[in-house]
Ligand SMILES: [Zn+2]
């Protein structure tokens, strides 16, 4: 009896153990079979036509974009062309058709509605519409004025939307030898070389207005206001803080035979040669829609040889050059 009972116990324990082993075996096989076909998130995205980008959170981002309604092709282009700053915005905002903007380097997602409105209003190439809206040209002059934070930069952009601080005085003003006029030291050598080259070519150029303080520009602008309506004054005189003359990098230059301008021959020489010395003609003909000023053949601005050469070669206005090549998007 005792023996039979121990055998019974033995057999039931063995039975239970065998059963447990069987269950274990079956479940291992079951999981093995189901594990193999499970695809990685990367594979799922790749099957949809999305090119995997090796960056943190890519699968989360790609799925967010899919949820917003972007196609695989659109997602691939977003990762190929869009800056990180734009990508952050695209991930936050609702779907937008970006097809017109992929190859535009100064595209800013936050301005997309303004680009589209301005492009159709002005019938421009989209790349031009983007640059002009970035310059705020879809808004009235002197609206949304930003104070300049890098006034000492030789490529500082001073225009009707960018103002110098009222107390800004360049730190390196020097007097042009033989005159009582001041410009920045950083521009002096190139300026003197420009004038020497012009002289060699038979030109006789005389500077007549260079650095002007904020207060001087204020009184000048107000003097003009006493003479002409503001809408007219704004086409030829800068409001205080908005004058390039406050940078110490702008020079009004005249021919010896004219009181305040250049002869056609002087101007042509300046167009062909000033960039070699780092100067640009800041307010050329046909530029008023961008600069907001009528043509000023006499006003040259120092930006350094590199920028001046690129501006000369591209035919861009300085404002456009600044937005396209100096500002980061
Ligand atoms: Zn000037």
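In this note's numbering, the protein residues as written are 76 to 404. Ideal Cβ positions, reconstructed from N, Cα and C, are used throughout, including at glycine. On a predicted model such as this, the values are computed, not experimentally measured, just so you know.
- Contact annotation: residue 212 and residue 397 have beta-carbon atoms that are not nearer than 7 Å.
- Counting only runs of at least 3 residues, the segment 318 to 349 fully encloses the following beta strand (DSSP E) elements, listed from N- to C-terminal order: 325 to 330.
- Distance between residue 339 and residue 294, taken at the CA atoms: about 31 Å.
- Sixteen is the threshold: when 16 or more other Cβ atoms of the shown chains lie within 10 Å of the Cβ of residue 355, as they do, the residue is buried.
- A residue is called buried once 16 or more other Cβ atoms fall within 10 Å of its Cβ, and residue 93, having fewer, is exposed.
- Rounded to the nearest whole angstrom, the C-alpha separation of residue 96 and residue 113 is 26 Å.
- Nearest in C-alpha terms to residue 204, of all of 221, 182, 225, 265, is 182.
- Secondary structure of residue 230 (DSSP, three-state): coil.
- Counting other Cβ atoms within 10 Å of its Cβ, residue 345 reaches 16 or more and is therefore classed as buried.
- For residue 280, the enclosing beta strand (DSSP E) begins and ends at 280 to 284.
- Taking 6 Å as the cut-off, the C-beta of residue 317 does not count as close to any heavy atom of ligand 1.
- Here residue 387 is near residue 350, since their CB atoms are less than 7 Å apart.
- The Cβ-Cβ distance between residue 259 and residue 323 falls below 7 Å.
- For residue 248, the number of other beta carbons within 10 angstroms of its own is below 16, and it is reported as exposed.
- Residue pairing from DSSP places residue 376 in a beta bridge opposite 325, 355.
- Looking at the backbone, the Cα of residue 245 and that of residue 227 are separated by about 7 Å.
- Residue pairing from DSSP places residue 259 in a beta bridge opposite 248.
- In the DSSP assignment, residue 157 falls outside any alpha helix (DSSP H) and carries neither an H nor an E.
- A distance of 7 Å or more separates the beta carbons of residue 185 and residue 167.
- By the CB criterion at 7 Å, residue 374 and residue 341 fall outside the cutoff.
- The beta carbons of residue 285 and residue 257 sit about 6 Å from each other, so the pair counts as a contact at 8 Å.
- When the alpha-carbon of residue 123 is set against those of 130, 134, 129, the nearest one is in 134.
- Proximity to ligand 1 was defined by a C-beta distance below 5 Å to any of its heavy atoms, and the residues meeting it, in sequence along the chain, are 327, 374.
- Cα atoms of residue 333 and residue 154: separation of roughly 57 Å, rounded to the nearest angstrom.
- Its chain contains 177 as the residues whose beta carbon lies nearer than 6 Å to that of residue 156, once the 5 sequence neighbours on both sides are disregarded; these appear in chain order.
- Secondary structure at residue 175: coil, using DSSP grouped into helix, strand and coil.
- For the set 391, 273, 314, the Cα lying nearest the Cα of residue 329 is the one of 273.
- By the C-beta density criterion, residue 306 is exposed, having fewer than 16 other C-beta atoms within 10 angstroms.
- Assigned with DSSP and collapsed to three states, residue 392 falls in coil, not helix or strand.
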